[in-house]
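The sequence shown stops at residue 262 when you use my numbering, and every number in between is there. Positions of the beta carbon are idealized from the N, C-alpha and C atoms, including for glycine.
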Amino acid sequence: MSTEINTVDPAEIAKFEAMAAEWWNPQGKFKPLHMMNPVRLDYIIRQIATEFGRDARAPDPFAGLRILDIGCGGGLLSEPMARLGASVVGADAAGRNIPVARLHSEEQGLVIDYRHTTAEALAAAGESFDVVLAMEIVEHVASPGGFLQTCQALLKPGGLIIASTINRTARSFAAAIVGAEWIMRWLPRGTHDWGKFITPDELFEALRGAGLEPVDRKGFVFNPLSWTWSISDRDLSVNYVSAALRPN
Numbered sequence: 015m016s017t018e019i020n021t022v023d024p025a026e027i028a029k030f031e032a033m034a035a036e037w038w039n040p041q042g043k044f045k046p047l048h049m050m051n052p053v054r055l056d057y058i059i060r061q062i063a064t065e066f067g068r069d070a071r072a073p074d075p076f077a078g079l080r081i082l083d084i085g086c087g088g089g090l091l092s093e094p095m096a097r098l099g100a101s102v103v104g105a106d107a108a109g110r111n112i113p114v115a116r117l118h119s120e121e122q123g124l125v126i127d128y129r130h131t132t133a134e135a136l137a138a139a140g141e142s143f144d145v146v147l148a149m150e151i152v153e154h155v156a157s158p159g160g161f162l163q164t165c166q167a168l169l170k171p172g173g174l175i176i177a178s179t180i181n182r183t184a185r186s187f188a189a190a191i192v193g194a195e196w197i198m199r200w201l202p203r204g205t206h207d208w209g210k211f212i213t214p215d216e217l218f219e220a221l222r223g224a225g226l227e228p229v230d231r232k233g234f235v236f237n238p239l240s241w242t243w244s245i246s247d248r249d250l251s252v253n254y255v256s257a258a259l260r261p262n
């Protein structure tokens, strides 16, 4: 009998419960995610298309793929994945997020299976997916290694996990905490804990420790002059994303 690992951090969940109604306000508390969403989607779509041999320009290119958006929030990633033809489960441990996500998807005419649940509960129920999206969540869980082990259990053999997080550097402290929380006030103070940020090498090591095979990593870079985000092969100093496969 296996013992279920609980990686949910109640204090982190409470932070996002308090902001639930703001998810679809591009000028609200989730403004940074709305601004970054186009590059996140660009990376996710290209990575899934590459690994599964899909033409992203075709109608419903992700048809037949089952995707889990863990820590789905209001559905900023779940909705585009559903529009691309995937069967999407959006899961979040913050219960207040789910009605917001459901209402918005219904207004958009999308069918998405939103659930107030955890990755651990899904794994215990025997759920399995072609793709697991773990975007901006690893820095908020109690045990990143345990969380990634659970994600590995949720993946079908040959499945893909895409995980984005924040590097632990002086620059990330300046950008994600001083800039986003203290000066711009895009996020409430205390949303991020710099000590929980994870370096790219630490994330790769944790992915390998969970039985996953890292295949790519890129940086998400904000340009304060053009007020835009871009994907970088070199600059992973603040926001970055990694992709890994569960071996067949």
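{"Asked": "Rounded to whole angstroms, what's the CA-CA distance from G85 to F76? Just pull it up for me.", "Found": "21 angstroms"}
{"Asked": "Is the distance from the Cβ of R182 to the Cβ of I151 below 8 angstroms?", "Found": "no"}
{"Asked": "Among the candidates G209, A133, E120 and L174, whose CA atom is the shortest distance from the CA of R60?", "Found": "L174"}
{"Asked": "Assuming V145 and R129 form a contact by the criterion Cβ under 8 angstroms, report the distance between their Cβ atoms to the nearest whole angstrom.", "Found": "Not really, about 17 angstroms apart at Cβ, beyond 8 angstroms."}
{"Asked": "Fully enclosed by the region 71-157, which alpha helix (DSSP H) runs are 4 residues long or longer?", "Found": "92-97, 111-121 and 133-138"}
{"Asked": "Please confirm whether R80 and M149 have their CB atoms less than 8 angstroms apart.", "Found": "no"}
{"Asked": "Which residues in the same chain as S246 place their Cβ atom closer than 8 angstroms to its Cβ, once the five residues preceding and following it in sequence are excluded?", "Found": "K232, G233, F234 and V235"}
{"Asked": "Quick check on P171: does DSSP put it in helix, strand or coil?", "Found": "strand"}
{"Asked": "Under a Cβ-count criterion, where at least 16 other Cβ atoms within 10 Å of its own Cβ denotes burial, should R248 be classed as buried or exposed?", "Found": "exposed"}
{"Asked": "Can you give me the C-alpha to C-alpha distance between A70 and A63, rounded to a whole angstrom?", "Found": "6 angstroms"}
{"Asked": "What three-state label does DSSP hand K43 in the structure shown?", "Found": "coil"}
{"Asked": "Using a beta-carbon distance below 8 angstroms, is A139 in contact with chain D?", "Found": "The chain labelled as chain D is not found in the depicted structure, where only one protein chain is given."}
{"Asked": "Based on Cα-Cα distance, which residue from G88, L239, M49 and S101 lies nearest to D292?", "Found": "Here the chain has residues from 15 to 262 only, and residue 292 is not among them."}
{"Asked": "Between A177 and V255, is the Cβ-Cβ spacing less than 8 angstroms?", "Found": "yes"}
{"Asked": "Need the endpoints of the beta strand (DSSP E) that R231 sits in, please.", "Found": "E227 to N237"}
{"Asked": "Note the first and the last residue of the continuous alpha helix (DSSP H) segment covering A257.", "Found": "Looking at the DSSP string, A257 is not in any alpha helix (DSSP H); the run it does join, the beta strand (DSSP E), is N253 to L259."}
{"Asked": "In the DSSP assignment, find the unbroken beta strand (DSSP E) run with I245 in it and report its ends.", "Found": "T242 to S246"}
{"Asked": "What does DSSP give as the partner residue(s) for I212 in the beta ladder?", "Found": "According to DSSP, which records beta bridges pairwise, I212 is partnered with nothing at all."}
{"Asked": "Once the 5 residues before and after V155 are set aside, which same chain residues still bring their CB inside 8 angstroms of it?", "Found": "T21, V22, D23, E26 and F161"}
{"Asked": "Nearest to N253 by alpha carbon, out of I180, S142, G42 and A224?", "Found": "I180"}
{"Asked": "Suppose you measure from the CA of E36 to the CA of P94; what does that come to, to the nearest Å?", "Found": "19 angstroms"}
{"Asked": "Between W241, W243, G223 and T242, which has its C-alpha nearest R260's C-alpha?", "Found": "G223"}
{"Asked": "Using only CA atoms, which one of N39, A257 and Q166 lies nearest to V229?", "Found": "A257"}
{"Asked": "Please look up how many angstroms separate the CB atoms of P52 and W208, rounded, as I've assumed it's under 8 angstroms.", "Found": "Their Cβ separation, rounded to whole angstroms, is 26 angstroms, which puts P52 and W208 out of contact at 8 angstroms."}
{"Asked": "My output table needs one value for T179: the three-state DSSP class, helix, strand or coil.", "Found": "strand"}
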